[in-house]
Amino acid sequence: MLINWSQFTPWSALTGGAVIGMAVAILVLFNGRIAGISGIAGGVLKMQKNDTGWRIAFISGLVAAPLVWQLFLSLPAIRIDGSYAMMAMAGLVVGIGTRYGSGCTSGHGVCGLSRLSPRSIIATLSFMGTGFVTVYVIRHVFQT
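Residue numbers (the working numbering): 46 to 189.
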């Protein structure tokens, strides 16, 4: 594998990771909640009293962030190689995995690992391992 050094952007990745870390810390310190996107989005759908405002604000921030970014810099080009059917199937599989795993990559991978949660360590190893195997099979086994 070769690294295209002209496309290597460690500072933007470091900045993004630091911002995610701060957002997660702020949410847990001031609200006592874990920043798992599937749980936050699922809680909006349940509409519990006194619990939807912060969830809507969090999701609004996710939607607003690229819009604010676009005010200062151009957004990167989006390239999707899969069909709509493949994307729908992938979303369904991820959703099922999120329910069976009691959380998503953000909840387990960012928040759970930082708390040294054994369940999150196992979940993160599982979804990362599955992703590695999937990419290898698609790129090397099914390659035409």
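Positions of the beta carbon are idealized from the N, C-alpha and C atoms, including for glycine. Remember, predicted model here, so these are calculated numbers, not experimental data.
When you compare the CB positions of residue i and residue j, do they come within less than 9 Å of one another, or not?
i	j	result
Gly140	Ser165	no
Phe172	Gly152	no
Leu158	Thr169	yes
Arg14	Trp56	Lying outside 46 to 189, the shown extent of the chain, residue 14 is not represented and no answer is given.
Hey, how far is the Cα of residue i from the Cα of residue j?
i	j	result
Met134	Cys156	27 Å
Ile71	Gly154	17 Å
Ile48	Met67	29 Å
Val73	Met132	32 Å
His185	Leu118	36 Å
Gln115	Ser51	22 Å
Thr97	Leu59	31 Å
Asp126	Phe75	40 Å
Val89	Arg144	16 Å
Gly136	Pro111	21 Å
Gln188	Ile123	23 Å
Ile183	Pro163	30 Å
Val69	Ile167	20 Å
Look up residue i in the DSSP assignment and say whether it is helix, strand or coil.
i	result
Gln115	helix
Ser105	helix
Lys91	helix
Trp50	coil
Gly140	helix
Leu170	helix
Gly66	helix
- Message: Check whether the stretch 102 to 113 and the stretch 82 to 94 are in contact - that is, three or more C-beta pairs closer than 8 Å.
- Response: yes
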